[in-house]
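Going by my numbering, the first residue of the sequence shown is number 7, and it counts up by one from there.
Each residue gets a CB set at the ideal place from its N, CA and C atoms; glycine is no exception.
A short write-up of the structure that comes next.
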Amino acid sequence: FAFTSGFLFITGISFLPLADAIAITFAGPLFVTILAALMLGEDVGWRRWAAVAIGFLGVMVMVRPSAEAVQWAALFPLAASLAGALRDITTRRISAHETSMSILCFSTVSVIGFGLCTLPFGWAELNYEDLGLMALSGLFVGGAHYLLIERFRWAEAALLAPFKYTNMIWAVLFGFVIFGDLPDAWTLSGAGIVVVGGLYIAHRETLRVKGPG
Numbered sequence: 007f008a009f010t011s012g013f014l015f016i017t018g019i020s021f022l023p024l025a026d027a028i029a030i031t032f033a034g035p036l037f038v039t040i041l042a043a044l045m046l047g048e049d050v051g052w053r054r055w056a057a058v059a060i061g062f063l064g065v066m067v068m069v070r071p072s073a074e075a076v077q078w079a080a081l082f083p084l085a086a087s088l089a090g091a092l093r094d095i096t097t098r099r100i101s102a103h104e105t106s107m108s109i110l111c112f113s114t115v116s117v118i119g120f121g122l123c124t125l126p127f128g129w130a131e132l133n134y135e136d137l138g139l140m141a142l143s144g145l146f147v148g149g150a151h152y153l154l155i156e157r158f159r160w161a162e163a164a165l166l167a168p169f170k171y172t173n174m175i176w177a178v179l180f181g182f183v184i185f186g187d188l189p190d191a192w193t194l195s196g197a198g199i200v201v202v203g204g205l206y207i208a209h210r211e212t213l214r215v216k217g218p219g
């Protein structure tokens with residue numbers, strides 16, 4: 007799932023502005039809520055189901071065609087968010103009996119293995135700058151994945167998922183500074199709807215964990 011999510015997202019940002027692609031992946035917490043109920047047996051009441059429905063309405067707003075991206079390209083980050091949700095749920099299940107380093111090492115080996123399988127479908131010669139950037143990216147991804155594994159030891163998946171929305175701040179910042187991209191009005195509107203749904207899910211989860219009184 008880690009390889010699939012990364013592959014689909016990288017494919018998506020080759021067609022979409024960075025902020026647009028990350029905004030669409032905001033569907034991830036909605037997928038996590040659904041999968042947490044189906045696979046982990048976490049309690050998801052009707053209010054959170056309603057918030058999920060509202061969130062997916064926001065996703066539909068974001069994936070409509072704009073002047074900068076065609077609709078089909080939005081399916082890549084959307085599918086990446088589903089694969090990422092499956093990765094999160096799987097991590098939540100196995101983190102109870104596996105160490106964070108063992109999960110990280112197994113995931114890394116799997117990603118490298120599947121990545122090597124894609125070589126026959128296209129290869130570009132890499133210069134030293136490319137290799138350096140790839141190494142730096144690997145360090146960031148590895149560190150982020152380790153922290154992701156650790157967080158699932160301390161809280162339920164549905165509660166943690168909405169923190170993904172802080173990605174939008176960095177996506178807009180880096181997208182503008184590095185690539186000169188800014189999200190359009192449809193993307194911002196849809197992202198706002200999804201964030202509202204996700205934050206309500208987090209609110210309901212907090213109330214459930216605290217219990218009455």
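Which residue from the options puts its Cα closest to that of residue i?
i	options	result
V22	A177, G204, G198	The amino acid at residue 22 is misidentified as Val; the sequence shows Leu. Taking only the C-alpha atoms, the option nearest L22 is A177.
G18	L46, V65, V38, A79	A79
L41	S11, A91, S87	A91
R93	F37, P189, T105, R210	F37
V65	G198, G138, M45	G198
R159	F15, V67, R98, L81	R98
F169	A33, Y134, F15, T10	A33
T253	F9, D190, S87	The chain is shown only over 7 to 219; residue 253 falls outside these bounds and no answer can be derived.
F82	S101, S11, T114	S11
G148	G204, F15, V117, F62	V117
F146	M68, T114, P126	T114
I224	A85, L194, V183, S195	No statement about residue 224 is possible, as the shown extent of the chain runs from 7 to 219 and does not include it.
Got a sec? Which residues, its chain only, sit under 8 angstroms from residue i by beta carbon, not counting five neighbours each side?
i	result
F180	L24
F7	A89, G90, L92, R93, T96
A155	According to the sequence provided, residue 155 is Ile. The question's Ala does not apply to it. Only T97, S101, S106, I109, L110 meet the Cβ criterion.
With a 10 Å radius around its C-beta and 16 neighbouring C-beta atoms as the bar for buried, classify residue i as buried or exposed.
i	result
G128	exposed
E131	exposed
A141	exposed
V227	There is simply no residue 227 to check, as the chain begins at 7 and stops at 219 in what is shown.
E48	buried
L153	exposed
P71	Reliability fails at P71, whose pLDDT of 46 lies under 50, so the model's placement of it is uncertain and the value that follows must be treated cautiously. With fewer than 16 Cβ atoms within 10 Å of its Cβ, P71 is classed as exposed.
T124	exposed
H151	buried
V183	exposed
A191	exposed
Short of 7 angstroms in beta carbon distance, which residues of its chain neighbour residue i, apart from the five on each side in sequence? Order them along the chain.
i	result
P189	P23, A25, D26, A29, V178
M45	I95
D187	P23, L24, A25, G181
Inset, instruction - Decide if the stretch 44-64 is in contact with the stretch 101-116; the criterion is three or more beta carbon pairs, one per stretch, under 8 angstroms apart. - result: By the Cβ rule, the stretch 44-64 does not count as touching the stretch 101-116, because fewer than three pairs are nearer than 8 angstroms.
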